[in-house]
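Trainee: Numbering (the working numbering), first residue to last: 71 to 320. Built from N, CA and C at the ideal position, the CB exists for glycine as well. All values derive from a computational prediction rather than experimental measurement.
1. Looking only at its own chain, which residues have a Cβ that is under 6 Å from the Cβ of residue 83, when we skip the five neighbours before and after it?
2. Using the three-state DSSP reduction, which class does residue 178 fall into: helix, strand or coil?
3. Rounding to the nearest angstrom, what Cα-Cα distance links residue 158 and residue 200 in this structure?
4. Report the option in 119, 105 and 212 whose CA atom is closest to the CA atom of residue 174.
5. Enumerate in chain order the residues of its own chain whose CB-to-CB distance from residue 320 is below 8 Å, with the five nearest sequence positions on each side excluded.
6. If you reduce the DSSP assignment to three classes, tell me which class residue 112 lands in.
7. Keeping to the same chain, check which residues put their C-beta closer than 8 Å to that of residue 254; ignore five residues upstream and five downstream.
8. Can the beta-carbon of residue 78 be found less than 8 Å from the beta-carbon of residue 147?
9. If you run the structure through DSSP and keep just helix, strand and coil, what is residue 224?
10. Measuring CB to CB, does residue 275 end up less than 8 Å from residue 312?
11. Report the option in 145, 168 and 181 whose CA atom is closest to the CA atom of residue 155.
12. Taking the beta strand (DSSP E) that residue 46 belongs to, which residues open and close that run?
13. DSSP state of residue 312, grouped into three classes?
14. Does DSSP put residue 78 in a helix, in a strand, or in coil?
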């Protein structure tokens, strides 16, 4: 990794370490280690601190596979950095004996807190300046596609985006974080990392759209296909007018 990227990653760690620590403490403290074996106990403060140390140690081991030097923008590098942390968090969780399905849930819950804070911060100016959920969504997505989801094409993000009839469409054909997770599996075997990525990153879009719209309604998002589910595209539709019955794929 070149000096500029090493410096950038060091800055990301300074920013995100306290954010993840706060989220982990809020989400994990008091939760069961195993839903099927409650006698194993619940997460204590000491467990959380040890888990975070393990997560950051694993992230150091995984970071070379992120191939950040090949990514074209700092925004793309940041999202892959966060995918490294997500993957490390899942691996550290199952190494502690947490069942994989439950580990995916816990990691997704911790990550959602972080993602929700980020989305809220980015969308605040557009929520203040417009009462129209469609405009809020469109303007927030435009901002996010400048940073961090800028799309210069593979190996960075590749996307076609447009707005029509009160909806915003984003058709993604390359996703660097998802590519990183697949690279981890190819080199070290499949231990559920892509499923953990899907349950967190890919399923955040439904509640994320509701956060951006900020009209007190659900149903601002749909996506028939998903790259991490072996489809060729993430064909997203961000609905300005909330719809009922829009549920994530299994």
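Mentor: Taking the definition as stated:
1. Working through the chain shown from its first residue, we reach residue 83 at position 13. Contacts found: none.
2. Residue numbering aside, residue 178 sits at position 108 when the chain shown is read from its first letter. When secondary structure is reduced to three states using DSSP, residue 178 falls in the helix class.
3. Reading the chain shown from its first residue, position 88 is the one you call residue 158. Reading the chain shown from its first residue, position 130 is the one you call residue 200. Distance between the alpha carbons of residue 158 and residue 200 is about 39 Å.
4. What you label residue 174 is simply residue 104 of the chain shown in a count that begins at 1. With distances taken between Cα atoms, residue 174 lies closest to 105.
5. Along the chain shown, one-based indexing puts residue 320 at 250. Summary for residue 320: the model assigns pLDDT 49, below 50, so the residue's position carries little reliability; its value from the coordinates is reported in the next sentence. Within the same chain, residue 320 has no close Cβ partners at all.
6. If you number the chain shown from 1, residue 112 lands on position 42. In the structure shown, residue 112 sits in a strand (DSSP, three-state: E or B).
7. Numbered from its first residue, the chain shown carries residue 254 at position 184. Here the set comprises 132, 135, 157 and 263.
8. Along the chain shown, one-based indexing puts residue 78 at 8. Along the chain shown, one-based indexing puts residue 147 at 77. Cβ distance < 8 Å, so residue 78 and residue 147 count as in contact.
9. On the chain shown, residue 224 is found 154 positions in, with the first residue counted as 1. Residue 224 falls in the coil class under three-state DSSP.
10. Along the chain shown, read from residue 1 onward, the residue named residue 275 stands at position 205. Along the chain shown, read from residue 1 onward, the residue named residue 312 stands at position 242. With respect to residue 312, residue 275 sits apart: the two C-beta atoms are not nearer than 8 Å.
11. The residue labelled residue 155 in the question sits at position 85 within the chain shown. Residue 155 has its Cα closest to that of 181, out of 145, 168 and 181.
12. Outside the displayed range of the chain (71 to 320) lies residue 46, so it cannot be described from this structure.
13. Looking up residue 312 in the chain shown gives position 242. In the structure shown, the three-state DSSP call for residue 312 is coil.
14. In the chain shown, residue 78 corresponds to position 8, counting from 1. Correct three-state label for residue 78: helix.
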